[in-house]
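For reference, the structure discussed in these notes is given below.
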Amino acid sequence: MERKRRVRFAPSPTGPLHMGGVRTALYNYLYARQAGGDFVLRIEDTDSQRFVPGAEEYIIEALRWCGIYPDEGVDENGKVVETPSEKHPHAPYRQSQRRGIYRQYAEQLVKAGYAYYAFDTPEELAALRAEAESRKETFIYNWKTRGNMRNSLTLPEDEVARLVAEDTGWTIRFKIPENRTVVMEDLIRGHIEVNSNTLDDKVLWKRVDELPTYHLANIVDDHLMEITEVIRGEEWLPSLPLHYLLYEAFGWTDTQPRFAHLSLLLKPDGKGKLSKRDGDRLGFPVFPLKWVNAEGEVSRGYREDGYYPEAFINMLALLGWNPGNDRELFTVEELVPVFNLDRVIKSGARFNADKAKWFNQEYLRMRPLPQLVEDFKACAGEKLKGCDDGYISAVVELMRERAHFVTEMWNLTSFFFEAPESYDEASVVKFWNEDAKAAMPQVRSLLADLASFDKETIENSLHELITSNQWPMGKVMNSLRLFLVGVSKGPGVADMMALFGKDETLRRIDSAVSKLS
Ligand code: GLU
């Protein structure tokens, strides 16, 4: 019988989640939804030295902002589940709280001859490393060196038993088999072979803190949690041979998950991994949400920069995957049926900041007007206090095409809510010349006499007056624009006048004429 598809996202809370991590979570989520399976969140926090307070909360909040809700591992309030229930049978989902289960698995491997106790102290290992370095070599604990080390392969049995009982610094290391070709399949990269002699005897479990390392905890938990596909970043590909060997040593190959390693997100120039520094340098976020580290250093976030989560997710989906045609706009619901690991690219995906903005603009354009108005009001806050809703809505409708982000909209529209106090000097010199000055009294009285103040009437009557007097159209119209807005760019003059209404239009003209004469 086909097993229910179960995938997981297994971040380590060592800092804010990079956008590449969000993409990994997204691909897992889409895979699970399409297969009608489960998407599990597991927190891999067994490396206490790299633990960063707040990172776990950040990761969950970021996923929720993106609309990625795990089926298992996190409750409705966004808390990692600690006690088993029908919905969360494998709790706790934080590895530090599962610490009791891993030792037996490591010892099972020792008993079966796949792993061994190692008693070398950190000082001894450091000395060996330093000594190798002085010969311009690297010390590796492996098939070549393990025979000369202090471990259960070299020491007498009673000595091993004594040390295991009395010592507290030992570890359990995996005994990589000698000269074997490890044959692997990756759903994205295909067939891979590695000779086991290139691998080292990784530590699986440490007596000192009674904690497993990533490799052991990851394999044991994927097994216990019945994970069927592991979709993760390419940085874990070098660990794949060890993971294959671990499944084999445990006798779990029948239910071993299939693996898919996603390529890296690359810098805009394609040279190397996309980093926070690139974002700072080129002015875009690499994290979903803003993050402030212990030193008070701030990293910007897509959310705080004004991105819609829908746009962010859409962009991420297409960074490394394509639908096989030109289509670019997809909601998550639309991605679910078409997402496919076969179309995930093997090479790195180059990040393009302009494209990210383009996605957001597209979502801003598609946003229903009432919602966009609400977004704008939330951004502008106090500044819109007392303004008429109909007026705000008309302004947003007129100006939405010009914005990439709702956070830009106040700057684009502020003149609708506040009359200009000053006028751009260069434009004044350019447009407010003798001809414009001569024409303005008649222009004003024409506007004052208009019975109806809609865009067409304004436009037609201004046009007629200016052409019949043979005034220079550009000078007059741009002077008017300057009076209304303070600068010589913006939407159409008649559009703005109609929105302002007659009184405000005349007020702005009068105020400008008096200030500029
Ligand atoms: N804890 C690992 C990480 O932080 C998970 C790797 C995996 O998915 O196996 O990326």
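Each residue of the sequence shown is one higher than the last, beginning at 3 in this note's numbering. Positions of the beta carbon are idealized from the N, C-alpha and C atoms, including for glycine.
Backbone CA spacing between residue i and residue j [nearest angstrom]
i: VAL431; j: VAL489; result: 12 Å
i: ALA319; j: VAL346; result: 10 Å
i: TYR441; j: ASN362; result: The sequence as given places Ala at residue 441; Tyr does not occur at that position. Straight-line Cα distance between these residues: approximately 44 Å.
i: VAL375; j: PHE433; result: 34 Å
i: LYS357; j: VAL9; result: 30 Å
i: SER481; j: ASP328; result: 45 Å
i: THR200; j: TYR119; result: 21 Å
i: GLU410; j: LEU449; result: 32 Å
i: ILE190; j: ILE174; result: 32 Å
i: ALA163; j: ARG7; result: 43 Å
i: GLU78; j: GLY388; result: 37 Å
i: ALA462; j: ALA355; result: Looking at the sequence provided, one finds Asn at residue 462 rather than Ala. Going from the Cα of ASN462 to the Cα of ALA355 covers about 43 Å.
i: TRP207; j: ALA108; result: 7 Å
i: PRO72; j: GLU133; result: 48 Å
i: LEU154; j: THR333; result: First, the residue type needs correcting, since residue 154 is Ser and not Leu in the sequence shown. Whole-angstrom Cα-Cα distance: 56 Å.
i: ALA421; j: LEU508; result: 12 Å
i: LYS477; j: PRO287; result: 43 Å
i: ARG367; j: MET475; result: 32 Å
i: ASP344; j: PRO325; result: 10 Å
i: PHE176; j: ARG209; result: 15 Å
Nearest neighbour of residue i, chosen from the options [CA to CA]
i: ALA496; options: GLN258, ALA514 and VAL445; result: VAL445
i: PHE485; options: VAL42, ALA514 and VAL478; result: ALA514
i: PRO18; options: GLU63, MET3 and ARG5; result: GLU63
i: GLY75; options: GLN97, ARG302, ALA358 and ARG191; result: GLN97
i: GLU427; options: ILE194, THR183, PRO72 and VAL487; result: VAL487
i: GLU228; options: GLU88, ASP49 and VAL42; result: VAL42
i: TYR31; options: HIS20, ARG182, PHE11 and TYR246; result: PHE11
i: LYS348; options: GLY476, TYR116 and HIS263; result: HIS263
i: THR2; options: GLY492, ARG510, SER416 and ARG52; result: Since the first residue of the chain shown is 3 and the last is 519, residue 2 is not available in this structure.
i: ARG105; options: ALA355, VAL205, LEU130 and GLU161; result: VAL205
i: MET3; options: GLY192, ASN324, ASP256 and GLU168; result: ASP256
i: LYS517; options: ASN435, MET499 and GLU423; result: GLU423
i: GLY350; options: PRO270, ASN413, ARG305 and ASN295; result: PRO270
i: GLY149; options: PHE419, ASP203 and SER470; result: ASP203
i: LEU284; options: ILE103, PHE353, LYS89 and LYS146; result: PHE353
Under 9 Å between C-beta atoms of residue i and residue j
i: GLY22; j: GLY272; result: no
i: PRO259; j: ASP211; result: no
i: SER277; j: GLY322; result: no
i: ILE221; j: PHE261; result: no
i: PHE378; j: TYR309; result: no
i: TYR33; j: GLU312; result: no
i: PRO339; j: GLN36; result: yes
i: PHE289; j: ARG302; result: yes
i: ASP188; j: LEU268; result: no
i: GLY171; j: PRO124; result: yes
i: ALA219; j: THR26; result: no
i: LEU248; j: MET186; result: no
i: ILE233; j: TYR29; result: yes
i: LEU467; j: THR459; result: no
i: LYS457; j: GLY492; result: no
i: LYS385; j: SER416; result: yes
i: LEU501; j: TYR425; result: no
i: PRO86; j: GLU46; result: no
i: ASN181; j: TRP145; result: yes
Residues proximal to the ligand GLU by C-beta, any heavy atom closer than 7 Å: The answer, residue by residue, is ALA12, PRO13, SER14, GLU46, TYR216, ASN220, VAL232, ARG234, GLY235 and TRP238.
Touch test, the region 49-63 against the region 71-91, Cβ-Cβ under 8 Å, three pairs minimum: As far as the Cβ criterion goes, the region 49-63 touches the region 71-91, which means the pair count is three or higher.
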